[in-house]
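Note that the numbering used here has the sequence shown beginning at 405, numbered continuously upward. We put the beta carbon where it would ideally sit given N, CA and C, even for glycine. Since this is a predicted model, take the numbers as computed values, not measurements.
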Amino acid sequence: MGSPSIYAQIVPRLRYLKSTLISPDKIRELSPQLIDIYASLRETKYKTVSETKNVQDAEREIMKRFYSAVDEISRYTPKEAVNLTLAFAREDEINDSLLILRSMAEGKEVDKSNLTSLIWSQSSLSKILAEPDSLAGIQRYLEMSLKYKHIYNVLKDAYAYYNELKDSSVITWYSLSATSNLYYNSFSDLNTTDKGYVSKTLCPIIEGKIALGLIQASLLKIPIRIIEVSFNKINACNISWNKISYIYERESSDPIALATSLRDHFKYVKIEGKKEDEIMNSIRKSSNLSAKRNSEAVFQSYPFSPSLISAALILLKQEVNNIKTIVSSAYLNLNKDEYEQLLTI
Numbered sequence: 405m406g407s408p409s410i411y412a413q414i415v416p417r418l419r420y421l422k423s424t425l426i427s428p429d430k431i432r433e434l435s436p437q438l439i440d441i442y443a444s445l446r447e448t449k450y451k452t453v454s455e456t457k458n459v460q461d462a463e464r465e466i467m468k469r470f471y472s473a474v475d476e477i478s479r480y481t482p483k484e485a486v487n488l489t490l491a492f493a494r495e496d497e498i499n500d501s502l503l504i505l506r507s508m509a510e511g512k513e514v515d516k517s518n519l520t521s522l523i524w525s526q527s528s529l530s531k532i533l534a535e536p537d538s539l540a541g542i543q544r545y546l547e548m549s550l551k552y553k554h555i556y557n558v559l560k561d562a563y564a565y566y567n568e569l570k571d572s573s574v575i576t577w578y579s580l581s582a583t584s585n586l587y588y589n590s591f592s593d594l595n596t597t598d599k600g601y602v603s604k605t606l607c608p609i610i611e612g613k614i615a616l617g618l619i620q621a622s623l624l625k626i627p628i629r630i631i632e633v634s635f636n637k638i639n640a641c642n643i644s645w646n647k648i649s650y651i652y653e654r655e656s657s658d659p660i661a662l663a664t665s666l667r668d669h670f671k672y673v674k675i676e677g678k679k680e681d682e683i684m685n686s687i688r689k690s691s692n693l694s695a696k697r698n699s700e701a702v703f704q705s706y707p708f709s710p711s712l713i714s715a716a717l718i719l720l721k722q723e724v725n726n727i728k729t730i731v732s733s734a735y736l737n738l739n740k741d742e743y744e745q746l747l748t749i
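Structure follows, in C-alpha cells:
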C-alpha cells in the first residue's frame, strides 16, 4: 500500500482539485445559450473559455486546464505512479497520432487544429511534428516517432493492420486497444494492493473500451486473430479472454447477437439496446458512470494510494468532456434534451 511519506505532497493537491470540480447540479443548470454558459464558466477555473470566439478555441482553453492539472500532479507524483498520471494525457496523444496516420493513409491533409494534445507541454507528438518533413509520408512519420515508444508502437501496429485489411477505419478502431493497454500498463507494475485499488477506478474505462472494440470490430469484419493480439495482453479486470474470444468468433458476423452474448462477461459495463448505436451508447455511458462512482468512493478511503491520482484525473477528465460537450452543443444550437444524454453526471 502507498506510503504516507511519499504521497504526503500530492494528496492535498488532489483533494483541492476535487474541491474545484463543478457539481452535477451545476452542470445540469447550465443553459443551452452560449452567453449564459460563458457567464457561468467565469466563476470557475474555466473562466478563460468565456473569452473565446469559436468552438475550436473554446475546446483548446478547456483542455489547457486539464493538461495544466496533469503537469501539476506529475511534478509531485511518486516515481511509481508517474506513468499512471501521464496516461490521462497520453491517451489524447495516442488518439491524435492515429488520426494523423489515418489521414495520411487516406491521402488527406493533416488538420493540426483538431489535435488538442499538441497544446500539452509534455506532448511527444508535438516534438514529432516539429521535425522537418515529419508528415511527408507514412514511413517518415513512423521514423520520426521512433524516439517515443508509447506512440511508435501504436502507429507501427495500426499501420500493419491497415496494410493487411486495406481499410483505414481499422487505424482509428485500434485506438480502443492502444488506450486500453496504455491504462493497464500504467498500473501493472504497482504492488498488488495498490494495483487492486487503482484497477477499481480504471477497469470500468478499460472494460468500456474493450466492449466497444469488440462491437466495432464486428462491424468492420476484423478477424479474431487481430482482436486477440490487440487486447489479450490485458491481464486485469477479471476478463476471461478465452470466453470472449470464443463468443466473438461465434457471433462476429452479427453485432447485435455479439452484444447479447457479451452482456454477462463484463463487471462494470452494461450492454443494452436493440440497435448498434444504442448498444455503443449504453457501453460508453455505463463505463463512464461506473468509473465516476468508483473514483468518488476512493476519496472516502485510504488516501495515501496511487488510486487517488487515477480517481482525481478520471473525475477531472469527465468534467472536461462534459464542458466541451455543453459548449460545442451551444455552437451547434442543440437543446438541453439533445446534449444532456451525452453527459456523465
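Limits of the alpha helix (DSSP H) - the one that Q620 falls within = 596-624 is the span of the alpha helix (DSSP H), which, as asked, contains Q620.
Would you decide whether Y450 is buried or exposed? Buried here means 16 or more other CB atoms lie within 10 Å of its CB.
-> buried
What residues in its chain sit with their C-beta under 6 Å from that of Q620, if we drop five residues either side in the sequence?
-> W577
C-alpha gap between R417 and R697, whole angstroms | 21 Å
According to DSSP, is E513 helix, strand or coil?
-> DSSP places E513 in coil when its eight states are reduced to three.
If we call anything under 8 Å between Cβ atoms a contact, is F492 one with K689?
-> no
Step through the CB atoms of chain C and report whether any lies within less than 8 Å of the CB of E547.
-> Looking at the structure shown, chain C is missing, and only one protein chain is on hand.
In this structure, does DSSP put I675 in helix, strand or coil?
-> coil
Can Q437 and D475 be called in contact, C-beta distance under 8 Å?
-> no
Could you pull out every unbroken alpha helix (DSSP H) segment of at least 4 residues lying fully inside the region 515-566, listed in chain order?
-> Complete alpha helix (DSSP H) runs here, min 4: 528-533, 542-548.
Going by the beta-carbon positions, is the gap between Y743 and I730 smaller than 8 Å?
-> yes
Taking Cβ to Cβ, would you say A381 is nearer than 8 Å to L488?
-> No statement about residue 381 is possible, as the shown extent of the chain runs from 405 to 749 and does not include it.
How many Å lie between D598 and N725 at the Cα?
-> 27 Å
So, helix, strand or coil for I426, using DSSP?
-> Three-state DSSP puts I426 in coil, outside helix and strand.
Are S705 and T605 close, meaning C-beta to C-beta below 8 Å?
-> Against a cut-off of 8 Å, the Cβ pair of T605 and S705 comes out as no contact.
Who are the Cβ neighbours of E463 in its own chain at under 6 Å, not counting the five residues just before and after it?
-> Excluding positions up to five away in sequence, the list reads K728.
Just the Cα atoms here: how many angstroms apart are Q543 and Y556?
-> 11 Å
Looking only at C-alpha atoms, which of E700, I683, L662, E723 sits nearest to I431?
-> When each option's Cα is compared against that of I431, the closest is E723.
How big is the Cα-Cα spacing for K512 and M548?
-> 19 Å
Between the C-alpha atoms of E750 and L746, what's the straight-line distance to the nearest angstrom?
-> In the structure displayed, the chain extends from 405 to 749; residue 750 sits before or after that span and is not available.
Helix, strand or coil: how does DSSP classify P482 here?
-> coil
By a C-beta neighbour count over all protein chains shown, 10 Å radius and 16 as the cutoff for buried, is I369 buried or exposed?
-> Outside the shown range of the chain (405 to 749) lies residue 369, about which nothing can therefore be said.
Excluding the five sequence neighbours on either side, which residues of its own chain have a C-beta within less than 8 Å of the C-beta of L539, listed in chain order?
-> I504, M508, V514, L533, Y545
For C607 and D668, the rounded distance between their alpha carbons | 16 Å
Just checking my contact of R506 with S572 at CB under 8 Å: how many whole Å lie between their CB atoms?
-> 5 Å
Any idea what DSSP makes of R654, helix, strand or coil?
-> helix
State buried or exposed for S603, treating a residue as buried only when at least 16 other CB atoms are found within 10 Å of its CB.
-> buried
Alpha carbon of L618 to alpha carbon of M467, nearest angstrom | 29 Å
Could you spell out where the alpha helix (DSSP H) holding A663 opens and where it closes?
-> 659-666
Between P536 and S517, what straight-line distance do the alpha-carbon atoms span, to the nearest angstrom?
-> 19 Å
When burial is assigned at 16 or more other CB atoms within 10 Å of the CB, is K457 buried or exposed?
-> exposed
Would you mind sorting N585 into buried or exposed? The rule is 16 or more other CB atoms within 10 Å of its CB.
-> buried
Could you check how far apart the C-beta atoms of S634 and I651 are, in whole angstroms? I think they sit under 8 Å.
-> Their Cβ separation, rounded to whole angstroms, is 16 Å, which puts S634 and I651 out of contact at 8 Å.
From I626, L738, I675, K613, pick the residue whose C-alpha is nearest to that of Y587; which is it?
-> K613
Whether I610 touches I638 by CB criterion (8 Å) | Result yes, Cβ atoms of I610 and I638 sit closer than 8 Å.
Look up R446 in the DSSP assignment and say whether it is helix, strand or coil.
-> coil
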